[in-house]
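Trainee: What follows is a single structure, and I will ask about it in a moment.
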Amino acid sequence: MSQPWWTEAVCYQIYPRSFNDSDGDGVGDLPGIRERVDYLDDLGVDAVWLSPVYQSPQADHGYDVADYRSIHDEYGTLADFDDLLEALHDRDIRLLMDLVVNHTSDEHEWFERSRRGEKPYDEYYYWRESEDGPPNNWESTFGGSAWTYDETREAYYLHLFDEKQPDLNWRNPRVREEVQDICQFWLDRGVDGFRMDVINLISKAEGLPDGVPNDMQVGVEHFWDGPNLEAYLQELHDAVLADPAIVAVGEMPGISAGRAQDFVGEDGPLSMVISFDHVVLDWGPDGRWDPTDVSPGGFQRALLTWQEHLAENGWPCLYLENHDQPRSVSRYGDDETYHYESATMLATVLLTLRGTPFVYQGQEIGMTNASFPDPSVLEDVETLNFLAETDDDYAAVRDAVEAQSRDNSRTPMQWDGTEQAGFTTGDPWLPVTDNYHEINAASARESDDSIWQFYRELIEFRAETPALRRGSLAVLEDVPEAVFAFERTHDGRHVRSYCNLTDAIQEVSVEVPVATVVGNYRDPQAGESLHGDLELRPYEALVCDLTE
Ligand code: TEU
53 MSQPWWTEAV CYQIYPRSFN DSDGDGVGDL PGIRERVDYL DDLGVDAVWL SPVYQSPQAD
113 HGYDVADYRS IHDEYGTLAD FDDLLEALHD RDIRLLMDLV VNHTSDEHEW FERSRRGEKP
173 YDEYYYWRES EDGPPNNWES TFGGSAWTYD ETREAYYLHL FDEKQPDLNW RNPRVREEVQ
233 DICQFWLDRG VDGFRMDVIN LISKAEGLPD GVPNDMQVGV EHFWDGPNLE AYLQELHDAV
293 LADPAIVAVG EMPGISAGRA QDFVGEDGPL SMVISFDHVV LDWGPDGRWD PTDVSPGGFQ
353 RALLTWQEHL AENGWPCLYL ENHDQPRSVS RYGDDETYHY ESATMLATVL LTLRGTPFVY
413 QGQEIGMTNA SFPDPSVLED VETLNFLAET DDDYAAVRDA VEAQSRDNSR TPMQWDGTEQ
473 AGFTTGDPWL PVTDNYHEIN AASARESDDS IWQFYRELIE FRAETPALRR GSLAVLEDVP
533 EAVFAFERTH DGRHVRSYCN LTDAIQEVSV EVPVATVVGN YRDPQAGESL HGDLELRPYE
593 ALVCDLTE
């Protein structure tokens, strides 16, 4: 049975503001992405997830949409978009738009008319009159109350993110029809699907009741998985997403692997669900800004939970970093002593687990977290809100910011060793990370054994190996917790990955003869028949064929 294209694909996420600037204003843009399409083709990716490029005041760098049918001025025009889409399609690279419809910008026409009480827009958002403060105790993901008082309407409005991101009222059928029309507009333009931003938040509990006080975010039990979520998603699917060639990837913070099964698979309204279990492992008791370490066992369990729940019905969405997360080589690897080894080991996990891998811009060259000695350069609204709320001075929270800020993954793409890493001829909107002379795409492509080459080779091997694209997954149990080892099986072929998640040598017993096909050490235990005791060096990864 032929599988949908998106189950065979490797996807690449582009954060347009930081990818490539064509006109020297210091901000990435669509023509800049167009200039780099051959780079994507050479890497071997099959699809691009383009973070929002719609007209936006950029309060949350595009996740605050002011017009869903026009392109943000700094990024270009609809004609530029069409040029990019054509160039991608000419290279058999598909494009997913980022559908941000849990909320709009407060500068969207709908909200401007809604706050003036104009019908029908007066009911496009959640408005509540309240004499004694916010209507309930819900908190914004970005800190503070989820309600802001509007002087024009003389009422509070709900925003689960920034106050410039008012939540749409999905109970209103007009809102749901507007979203269908937005999807159809972009599908008619030729896009191949959508990544759907916080799509599990669109249904809120009846009556908007108070949440149970907690240390993370008060109210989540009333909006992470609301009473009409399945109905809204099914309606949207049936109206505009039913074609199996259209991919719909739902970002669902707070949704468990077990619950995710209800949204994917043959009868589900979505193709895939973006999970969060593995990206909150280092959140301490007080959340993101109270970081702790990630244990190898915790890392494995977080990923395997989703593998197990989606093994029979559903399809995992695989990622290790994106524009909301710190760089994976800094978070899960060692970006100093074992930069190459840990980045390529993580590539092996990402590209040989079952599911569709998403590579985030710069991950393929091992871009690292940045340093932010001066908080005045920070741009991420979540980080800035945290700094505004904390009583600590910056020196006391700098480590947490440098470990967790979303600006870590939003620094400009490091193209080469020239000024501003080849990203712009102007002043970049966010400083380039100062290791760009060593870490950049140009030098990586010239080298025979760079992280980029490893990604390219493994993406190519994956494309040639049905067991990695379609195979079942079985975890190898009798290995140390520090080793992530699993076997992919399809049509009689067995392919094993052994990944040492740590900087310590790990002993593994290989009970059947295997031949290494891909190894991430420059003197890999590659091509040999391995059987019996195997010593995995720090962050060593081996992809092996079973030979008997
Ligand atoms: O992110 C949802 C979300 O919850 C993340 O913001 C992340 O979990 C958060 O930073 C918690 O620390 C989506 C987009 O990916 C993100 O960029 C937007 O800021 C957010 O929704 C609002 O649209």
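In the numbering used here, each number is its position in the sequence shown, counted from 1, plus 52.
Cβ coordinates follow ideal geometry from the N, Cα and C atoms, glycine included.
1. Which of helix, strand or coil does DSSP assign to ARG548?
2. Which whole-angstrom value describes the C-beta separation of ASP73 and GLY478, a residue pair presumed to lie in contact below a C-beta threshold of 8 Å?
3. Could you compute how far the alpha carbon of SER157 sits from the alpha carbon of ARG223?
4. On the three-pair Cβ rule with 8 Å, is the region 365-384 touching the region 401-418?
5. Does the region 119-133 come within contact of the region 163-182, defined as at least 3 CB pairs closer than 8 Å?
6. Could you check which residue in PHE351, GLN269, ALA447 and GLY263 has the C-alpha nearest to that of ASN188?
7. State the start and end residues of the unbroken alpha helix (DSSP H) segment that holds HIS361.
8. For SER394, count neighbouring C-beta atoms within 10 Å of its own C-beta (all shown protein chains included) and say buried if the count is 16 or more, exposed if not.
9. Give me, in chain order, the residues of the same chain whose beta-carbon lies closer than 8 Å to that of ALA363; leave out the 5 immediate sequence neighbours on both sides.
10. Whole angstroms is fine: what's the gap from LEU69's alpha carbon to ASP75's?
11. What are the boundary residues of the alpha helix (DSSP H) that PHE46 is part of?
12. Distance check for GLU580 and SER457, CA to CA, integer angstroms please.
13. Helix, strand or coil, according to DSSP, for HIS583 in the structure here?
14. Distance check for PHE275 and VAL97, CA to CA, integer angstroms please.
15. Quick check: what's the CA-CA separation for GLU256 versus ASP319?
16. Considering only C-alpha positions, which residue in the set ILE66, CYS596, VAL250 and ASP459 is nearest to HIS155?
17. Following a CB-centred definition, is HIS375 positioned closer than 7 Å to any heavy atom of the ligand TEU?
18. Near GLU431, which residues of its chain fall below 8 Å by C-beta distance, leaving aside the five closest residues on each side in sequence?
19. Rounded to whole angstroms, how far is the Cβ of VAL433 from the Cβ of PHE194, which I believe are closer than 8 Å?
20. Distance, Cα to Cα, VAL562 vs VAL316?
21. Specify, as a first and last residue, the run of the alpha helix (DSSP H) that PHE246 falls within.
22. For ARG168, is the classification buried or exposed, using 16 other Cβ atoms within 10 angstroms of its Cβ as the cut-off for buried?
23. Comparing the CB of VAL272 with every heavy atom of the ligand TEU, is any distance shorter than 7 Å?
24. In chain order, which continuous runs of the alpha helix (DSSP H) of length 4 or greater are located wholly inside the region 73-121?
25. What does the alpha-carbon distance come out to for the pair ALA283 and GLN269?
26. Give the C-beta separation of LEU398 and GLY385 to the nearest angstrom, bearing in mind that I take them to be a contact with Cβ-Cβ under 8 Å.
27. Report the three-state DSSP secondary structure of ALA452 (helix, strand or coil).
28. For VAL227, which residues of its own chain have a beta-carbon under 7 Å away from its beta-carbon, when the five flanking residues on both sides are left out?
29. Give me the Cα-Cα distance between ASP500 and ALA493, rounded to the nearest whole angstrom.
30. How far does the beta strand (DSSP E) with ASP342 in it extend, from its first residue to its last?
31. Quick check: the Cα distance between ASN280 and ASP290, rounded to an integer number of angstroms?
32. Answer with buried or exposed for ASN266, where buried requires no fewer than 16 other C-beta atoms within 10 angstroms of its C-beta.
33. Pull up the CB-CB distance for ARG540 and VAL531, whole angstroms please, since I reckon it's below 8 Å.
34. Residue range of the beta strand (DSSP E) that ASP617 falls in?
35. Give the DSSP bridge partners of LEU210, in chain order.
36. Please report the straight-line C-alpha distance between LEU102 and LEU148, rounded to a whole angstrom.
Mentor: Let's see:
1. strand
2. 7 Å
3. 19 Å
4. yes
5. no
6. GLY263
7. 348-361
8. buried
9. ARG406, SER524 and LEU525
10. According to the sequence provided, residue 69 is Arg. The question's Leu does not apply to it. The alpha-carbon atoms of ARG69 and ASP75 are separated by roughly 13 Å.
11. Outside the shown range of the chain, which is 53 to 600, sits residue 46, and nothing can be said about it.
12. 43 Å
13. strand
14. 35 Å
15. Position check: residue 256 holds Lys in this sequence, whereas Glu was assumed. Distance between the alpha carbons of LYS256 and ASP319: 23 Å.
16. VAL250
17. yes
18. HIS113, ASP459, ARG462, TRP481 and LEU482
19. 6 Å
20. 35 Å
21. Where PHE246 is concerned, there is no enclosing alpha helix (DSSP H), although the beta strand (DSSP E) it sits in stretches over 245-248.
22. exposed
23. no
24. 82-87 and 89-95
25. 25 Å
26. 6 Å
27. helix
28. TYR176, LEU220 and ASN221
29. 13 Å
30. 339-343
31. 15 Å
32. exposed
33. Between VAL531 and ARG540 the Cβ distance is about 16 Å, and since that is not below 8 Å, they are no contact.
34. Since the displayed the chain opens at 53 and closes at 600, residue 617 lies outside it and no answer follows.
35. TRP199
36. 6 Å
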